[in-house]
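In what follows, a structure is listed as structure tokens, so that the remarks can point back to it.
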Amino acid sequence: MIKSELIQRIAAANPHLYQRDVERIINIILDEIIAAMARGERVELRGFGAFTVKHRAARQGRNPRTGDTVFVEDKFVPFFKTGKELRERLNNSEGEGSSSTDFN
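See below:
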């Protein structure tokens, strides 16, 4: 699913909301998550998961095309750890609740 499909599904499930308002809300949420991560903060959505930033140290790498050794600079990378409820629902063998969107 891409962002536009998510927006359409949420708008369809909530007919009292305009699609443009749903899009604005989704964009604000994503912008806030990105801004918090850019500040090095952890963003936790209980039951869903936590977004964090991890530091990757500089290292020697290899160019897969040429085989040459290259220096890879240190960098920060986004990391997502799933929450307990999300893991349980994904691994539910009976498939119950697989179409529900209730993550409270």
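Using my numbering, the final residue of the sequence shown is 962, and nothing's skipped along the way.
Think of the CB as a built atom: it goes at the ideal place given N, C-alpha and C, for glycine as much as any other residue.
query: Cβ-based burial, V928 [other Cβ within 10 Å; buried from 16]; result: exposed
query: Buried or exposed (CB count within 10 angstroms, at least 16 for buried), V880; result: buried
query: Three-state secondary structure (DSSP) of R947; result: helix
query: Where the alpha helix (DSSP H) through E863 begins and ends; result: 861-871
query: Reduced DSSP secondary structure (H/G/I, E/B, other) of L903; result: strand
query: 8 Å contact criterion, which I884 and K861 should meet: CB distance rounded; result: 7 Å
query: Assigned exposure category for I865 - 16 Cβ within 10 Å defines buried; result: buried
query: Candidates N872, E943, G898: closest to V935 by CA position; result: G898
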